Amino acid sequence: MSQQELLLGVNIDHCATVRQARYRESAETTGGIVEPDPVFFAQQCEIAGADSITVHLREDRRHMQERDVERLRECLRIPLNLEMAATDAMLDFALELKPDYACIVPESREEITTEGGLDVIEFKDRVAKVVNGLNEAGVIVSLFIDPEPAHIQASADLGATAVELHTGAYSNAYYSSERENEFSRLKSGAELGHGCGLQINAGHGINYVNVSEVRTLPHLHELNIGHSLVSRALFTGVQESVREMRRLMNVL
Ligand code: PXP
């Protein structure tokens, strides 16, 4: 793999969403008739060349369960990225699990900025506590934020290694006149973040169509993609859905 290659983190939450739709009440998360297994899904992604696996262990446990995350930690050979709220309970869980990366995301309405990223200014103290705890444990931390200059600067000040720029507003505007504006916000955000010494990742709403533009953002290190890959996998199988996305991300 060349140094410049854009990395693909696959968010497998929606594999668990499908399982929970049928087996929410099951005591087991896998085995017997309980399917689909997110760990098996992740292993297929790994075989197909995914660079990391992302899971969001939400407070309401609507898709991923603790046992899924623990099994992934045991089985995966590629890095595990844990998306987590900035809470004491999640910090304790992460320190026990020791994922390779952690991405701090908002979970409740009041933690969200206008576009939907984490409000790292309003919740500075809470985020700082979690970032420091993770940094001390050697977990690489990113903050999921809007491409807003103040939030990017604050993320650097908080000691995060990376930011994941929220591409949701851009994705929603893709077929509207706002697309250009949203894309330039992401571009300026990526430039500023890079200038602040942050690694630049991006995610939310990226699909097989808009990836051809998203991938041209400057200084981009990794894309985190979930829904479109899981959806495509229904028709092509997991491995092909990953291979096709990686191909589109790295077209020369
Ligand atoms: N990045 C973050 C921080 C997320 O929370 C999610 C899931 O909402 C994604 C990326 C993946 O988004 P999508 O499923 O729309 O590809």
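Add 575 to the 1-based position in the sequence shown for our numbering, that's all there is to it.
No residue lacks a Cβ here, since even glycine has one placed at the ideal position from N, Cα and C.
Since the model is a prediction, treat every value here as computed from it, not as a measurement.
Query, Result
"With DSSP run on the structure shown, which of helix, strand or coil describes MET576?", "A caution first: MET576 carries a pLDDT of 42, below 50, which makes its placement in the model unreliable, though a value can still be read off. Reduced to three states, the DSSP call for MET576 is coil."
"Can you tell me whether SER717 is buried or exposed, with buried defined as 16 or more other CB within 10 angstroms of its CB?", "buried"
"Who sits around ligand 1, taking every residue whose Cβ is closer than 5 Å to one of its heavy atoms?", "ASN586, VAL680, PHE719, GLY778, HIS779, GLY780, ASN799, ILE800, GLY801, HIS802"
"Taking the beta carbon of SER577 as the centre, do at least 16 other beta carbons fall within 10 Å, making it buried, or is it exposed?", "Only weak support is given to the placement of SER577: the predicted model assigns it a pLDDT of 46, under 50, and the value that follows is read from those uncertain coordinates. Counting Cβ neighbours within 10 Å, SER577 comes out exposed, since fewer than 16 surround it."
"List the endpoints of the continuous alpha helix (DSSP H) containing ASN782.", "Element bounds for ASN782: n/a, residue is neither H nor E."
"Below 8 Å between beta carbons: does that hold for GLY691 and HIS741?", "yes"
"Where do the N-terminal and C-terminal ends of the beta strand (DSSP E) with VAL738 fall, by residue?", "737-741"
"Would you mind stating whether ALA744 and GLU757 have Cβ atoms separated by less than 8 Å?", "yes"
"Is it buried or exposed for ARG594, if we count other Cβ within 10 angstroms and need 16 for buried?", "buried"
"For the alpha helix (DSSP H) that contains ASN710, what are its first and last residues?", "699-711"
"Counting C-beta neighbours from all protein chains within 10 Å, is the total for GLY764 16 or more, i.e. buried, or is it exposed?", "buried"
"Bridge partners of SER803, per DSSP?", "Looking at the DSSP assignment, SER803 forms no beta bridge with any residue, so it has no partner."
"Alpha carbon to alpha carbon, what distance is there between GLY607 and THR688?", "43 Å"
"Within 10 angstroms of its Cβ, does GLU686 collect 16 or more other Cβ (buried), or is it exposed?", "buried"
"Hey, how far is the Cα of LEU809 from the Cα of ASP700?", "42 Å"
"Go ahead and label LEU827 buried or exposed: buried means 16 or more other beta carbons lie within 10 angstroms of its beta carbon, across all protein chains shown.", "exposed"
"In whole angstroms, give me the CA-to-CA distance for ALA748 and VAL630.", "26 Å"
"Where does SER717 fall in DSSP's three states?", "strand"
"DSSP on THR688, reduced to helix/strand/coil?", "coil"
"According to DSSP, is MET824 helix, strand or coil?", "helix"
"Work out the CA separation of VAL805 and GLU658 for me, nearest whole Å.", "17 Å"
"Thinking MET824 and LEU581 are a contact (beta carbons under 8 Å), I'd like their distance in whole angstroms, please.", "5 Å"
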